[in-house]
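In full-length UniProt numbering, the protein residues as written are 1 to 697. Ideal placement from N, C-alpha and C gives every residue a C-beta, glycine not left out. All values reported here derive from a predicted model rather than from experimental measurement. Have a look at the structure below before the remarks.
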């Protein structure tokens, strides 16, 4: 039974009414409404409704025949809308808001601007000038391109006398070709451009050539989209392409006024740089009751001297709306920029880059760890970024020479991967990878264009992001889908065979997949689930929210079981010769690390393989560091035995006495901590919008 009745509509009218046809303002917010609850027969009686509030519901789309001929103001904030084209049934709409619908993008903004000719305000902003540009300049330009494409490639293909089959064939080929090859504007608007090009092409065929449109056009479009399953920029270069360094002004003045703030990567100074009032020298700590041998004690003392670290910078650079009062934005992921042979920002004293990419809230920042300078900041107002990853692509530059460039992928709550050419200050494209949030992303170490995305939709997808040409046209394609039993939280490729096996820490355990692409199966279940001590079956599995390789064989995984971090052997645990999928395998435990007793989840860990260190933050702002180099040799031997006692941290970096605006932040959780490959810098991401940078002294 529908939640909406005549009595409810009369009661929720503002003011209350006795007749449906008299209602002009209606508030249906916070009713948990789904699309099926919007009954067109009932709504058709609201002939004079002008203002409708549907905010804070569960709508994923609008029915196509609500019949509200006088609707002027519509609020759809905080729903689950995936498409806006059904809004064209409200031609008199003047004000529209649909903020916090995570699946809607900039492309949808442009669609409603075109479809609703009377729209003045979109999400509280006056879009009159931009909408006129979209409806006139944009349409005229695309129309001329569509016409030129027909004349150049298809006008000679249709004979004077043609059959119905010939007409159907030529229409299908033309619609597919024109959507692929006609390009205008930035890649981030390629979905809108493709949508408009298809519409214009259909009108061109129907009006100019007298070819009636068939009824299965929509199904053809869906088929084409399923073939690609990605967001791409067309193959042919645009006629108008801006110089990279001047892209923001190009968008503003020529193509799409008003969107440069959503695309630009700009120089940004940190809002807060804090120096601790007292700097405590952090020495190694061992737990009470843990007896150490003389040899172990000497080893730890040597390690202590080797890793003495001092706090260098504390930055607040992910604030929402650049607010100095924002100490709530959670910071989630950071990764150091790879070193290029030339042009890299690096300290000549060390062998690794000192530039780190961090993400949290609506922004991604690039930070120079030595100076504490925020070099660049990329911002999307409707996004919450959860993960970033680097790759190095060999691209063809304007004079046909090839050159290596670092590309940053960033993803989060909206399920969209942003691709950023950092040196050019340019986000050149996006991939609509999932309909639910992306928890983490990582690139293959051997295939520079292969990107894995792990999502809350319980899928891990392998993409080929392609290589952009000199005009930033690129094509992304989906290569593989890994089905998971629960939400994947962390992923890691096996170092000895990164093109064959992938590990994932999920909400209900640790799983492995065969990812070899020469296998015919494009969608695959997991091949193995690893069982840990205390887990007698799948029903007793623990959440694995930390996962990384310490070296080619040793895996470090963290469980939601309080204080539980295991080191285990991949080669001794995984039976590659076994047959069948979804096999349960016992993890061969090498050691257990002493860590905090908190049961708080999602405080992830990381490793520095070159130095054989492991790092993990806790619920008190501290960083636990473990030098495991003295253990790995014995673990690697054929007779390697499990360490009987828990391994204590080599050192714990405690959060310094830190005051911001005269107050000390409370409840500081360390969500992530990452060292550069040479272990010169340690970057700590917190739950209070503070990035802490430590340096080994």
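Cβ-based neighbour list, residue i, same chain, cut-off 7 angstroms, excluding 5 preceding and 5 following
i, result
"residue 618", "596, 598, 603, 624, 670"
"residue 421", "405, 407, 428"
"residue 21", "45, 47, 48"
"residue 249", "Bear in mind that the predicted position of residue 249 carries a pLDDT of just 27, short of 50, making it unreliable; the figure below should be weighed with that in mind. So the list is empty, once near-sequence residues are dropped."
"residue 637", "none"
"residue 448", "391, 392, 393"
"residue 141", "184"
"residue 400", "none"
Bridge-paired residues (DSSP) for residue i
i, result
"residue 616", "605, 624"
"residue 651", "625"
"residue 126", "121"
"residue 483", "459"
"residue 513", "502"
"residue 313", "693"
"residue 566", "557, 592"
"residue 681", "695"
"residue 491", "504"
"residue 583", "528"
"residue 367", "356, 374"
"residue 391", "407"
"residue 396", "402"
Run of the beta strand (DSSP E) containing residue i, from where it starts to where it stops
i, result
"residue 179", "Premise fails: residue 179 lies in the alpha helix (DSSP H), 164-181, not in any beta strand (DSSP E)."
"residue 595", "Taken as a continuous stretch (DSSP letters only), residue 595 belongs to no beta strand (DSSP E), as it is neither H nor E."
"residue 136", "Taken as a continuous stretch (DSSP letters only), residue 136 belongs to no beta strand (DSSP E), as it is neither H nor E."
"residue 420", "416-421"
"residue 531", "528-531"
"residue 25", "25-27"
"residue 473", "Run containing residue 473: none; DSSP gives neither H nor E here."
"residue 663", "It is not in any beta strand (DSSP E) - residue 663 carries neither H nor E in the DSSP assignment."
"residue 546", "544-549"
"residue 359", "355-360"
"residue 336", "331-336"
"residue 439", "438-443"
Endpoints, alpha helix (DSSP H) assigned at residue i
i, result
"residue 149", "139-153"
"residue 198", "190-207"
"residue 572", "570-573"
Reduced DSSP category for residue i - H, G, I as helix; E, B as strand; rest coil
i, result
"residue 720", "Coverage of the chain is limited to positions 1 through 697, which leaves residue 720 absent and any answer about it impossible."
"residue 11", "helix"
"residue 450", "strand"
"residue 428", "strand"
"residue 115", "helix"
"residue 40", "helix"
"residue 16", "coil"
"residue 631", "helix"
"residue 320", "helix"
"residue 106", "helix"
"residue 642", "coil"
"residue 406", "strand"
"residue 87", "helix"
"residue 686", "strand"
"residue 381", "coil"
"residue 72", "coil"
"residue 51", "strand"
"residue 534", "coil"
"residue 496", "coil"
"residue 412", "strand"
"residue 35", "helix"
"residue 97", "strand"
"residue 671", "strand"
"residue 131", "helix"
"residue 6", "helix"
Beta-carbon proximity list for residue i, same chain, < 8 angstroms, skipping 5 on both sides
i, result
"residue 434", "415, 453, 455, 456, 457, 459, 461"
"residue 506", "484, 485, 486, 487, 488, 489, 543, 544"
"residue 737", "Any property of residue 737 remains undetermined from this structure, which presents the chain solely from 1 to 697."
"residue 146", "178, 182, 197, 200, 201, 204"
Contacting residues, own chain, Cβ-Cβ under 6 angstroms from residue i (five flanking each side not counted)
i, result
"residue 379", "362, 363"
"residue 516", "500"
"residue 716", "Limits of the chain in this structure are 1 at one end and 697 at the other, which puts residue 716 out of reach."
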